[in-house]
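Some notes on the structure that comes next.
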Amino acid sequence: MKKLGETKPELKSTVVAVFIASEENSSITGIGVDALVKNGLLDKLKNGPLFWIDTADKQPCIGTGGMIPWKVHVTGKLFHSGLPHKAINALELGMEAVKEIQLRFYKHFPAHPKEKDYGFATPSTMKPTQWSYPGGGINQIPGECTIAGDVRLTPFYNVADVLKKLQEYVDDINLNIEKLDSRGPVSHYVLPDENMRGRYVFSFFEC
Numbered sequence: 001m002k003k004l005g006e007t008k009p010e011l012k013s014t015v016v017a018v019f020i021a022s023e024e025n026s027s028i029t030g031i032g033v034d035a036l037v038k039n040g041l042l043d044k045l046k047n048g049p050l051f052w053i054d055t056a057d058k059q060p061c062i063g064t065g066g067m068i069p070w071k072v073h074v075t076g077k078l079f080h081s082g083l084p085h086k087a088i089n090a091l092e093l094g095m096e097a098v099k100e101i102q103l104r105f106y107k108h109f110p111a112h113p114k115e116k117d118y119g120f121a122t123p124s125t126m127k128p129t130q131w132s133y134p135g136g137g138i139n140q141i142p143g144e145c146t147i148a149g150d151v152r153l154t155p156f157y158n159v160a161d162v163l164k165k166l167q168e169y170v171d172d173i174n175l176n177i178e179k180l181d182s183r184g185p186v187s188h189y190v191l192p193d194e195n196m197r198g199r200y201v202f203s204f205f206e207c
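Taking UniProt numbering, the leading residue of the sequence shown gets 1, the next gets one more, and so forth.
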């Protein structure tokens with residue numbers, strides 16, 4: 001960076017220095033990268049392609065994959081756990097739907113041959129990292145929950161293609177939700193007598 005500042009060569013790419021005051025901090029918000037994003041100071045970097053060079057602790061290294069944060073809100077039907085046949089268990093529905101999305105993701109975005117050439121430790125991944133629900137008694141089957149996670153995408157795949165595919169997966173699951181694997185003889189995601197179906201709402205967000 002010092003050399004670039006001193007010599008000011010003509011470059012084909014733009015070089016931006018970001019000094020982070022809160023590396024992987026989650027307890028104190030509003031500083032570091034959070035503050036830069038809030039004030040729009042990283043907006044010019046969003047259109048990519050972007051090569052993020054991290055100085056690490058010994059030598060520069062290149063980040064292994066872009067991050068696409070996602071969350072899904074699952075809607076079922078709250079009911080007493082003694083009568084599970086009258087409920088749509090949002091936790092079970094969430095588990096099965098996320099599993100189905102992961103299976104499809106890895107089918108369409110498998111390990112890319114070039115990852116080995118460039119020394120990538122892992123291929124692209126899609127997985128849940130957080131889970132929350134409104135709470136309730138141990139004898140209540142929850143009627144809703146929210147699952148969040150991220151996609152880590154190596155640069156050999158197009159982000160727009162991934163976003164499109166993920167939404168297609170969710171749309172198809174919602175249309176065919178009764179075809180998902182269930183958990184036991186009274187576990188189901190559709191209540192025909194009540195004209196009620198479990199539902200999956202998928203969205204993307206910024207960190």
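Just so it is clear, CB atoms sit at the ideal spot from N, CA and C, and this is done for glycine as well. Bear in mind that the values here come from a model prediction, so they are computed numbers and not experimental data.
Inter-residue spacing [alpha-carbon to alpha-carbon] between residue i and residue j
| i | j | result |
| --- | --- | --- |
| I20 | G137 | 43 Å |
| I141 | H188 | 12 Å |
| H108 | K8 | 43 Å |
| L91 | G143 | 8 Å |
| K44 | F120 | 27 Å |
| L4 | L103 | 45 Å |
| K179 | K164 | 22 Å |
| G30 | I68 | 21 Å |
| G32 | L42 | 12 Å |
| M1 | E10 | 14 Å |
| L36 | E194 | 49 Å |
| K116 | V18 | 29 Å |
| K12 | D34 | 29 Å |
| P192 | Y118 | 52 Å |
| P123 | E6 | 38 Å |
| V186 | N139 | 16 Å |
Contact under 7 Å by Cβ, residue i with residue j
| i | j | result |
| --- | --- | --- |
| I88 | K99 | no |
| D171 | E96 | no |
| V190 | R197 | yes |
| G94 | C145 | yes |
Residue nearest to residue i in terms of C-alpha spacing, selected from the options
| i | options | result |
| --- | --- | --- |
| T14 | D181, A97, I28, F51 | F51 |
| Y106 | E194, P69, L166 | L166 |
| A160 | I101, N139, K2, N47 | N47 |
| G149 | I101, V18, F79 | I101 |
Environment of residue i [buried if 16+ CB atoms lie within 10 Å]
| i | result |
| --- | --- |
| V151 | buried |
| I147 | buried |
| Y169 | buried |
| G40 | exposed |
| I28 | exposed |
| V16 | exposed |
| V162 | buried |
| P60 | Interpretation of P60 is limited by its pLDDT of 49, a score under 50 that renders its predicted location unreliable; the figure taken from the coordinates is listed afterwards. The residue in question, P60, is exposed, as its Cβ has fewer than 16 Cβ neighbours within 10 Å. |
heavy atom of the ligand GTP below 6 Å from residue i C-beta
| i | result |
| --- | --- |
| F19 | Only the bare structure without any ligand can be found here, which leaves the ligand GTP out of the picture. |
On the three-pair Cβ rule with 8 Å, is the region 170-186 touching the region 123-138? no
Do the region 121-128 and the region 82-92 make contact, defined as three or more Cβ pairs closer than 8 Å? no
Is the region 154-168 touching the region 108-117 in the sense that three or more CB pairs, one from each, lie closer than 8 Å? yes
Examine the Cβ distances between the region 192-203 and the region 72-80 and report whether three or more of them are shorter than 8 Å. yes
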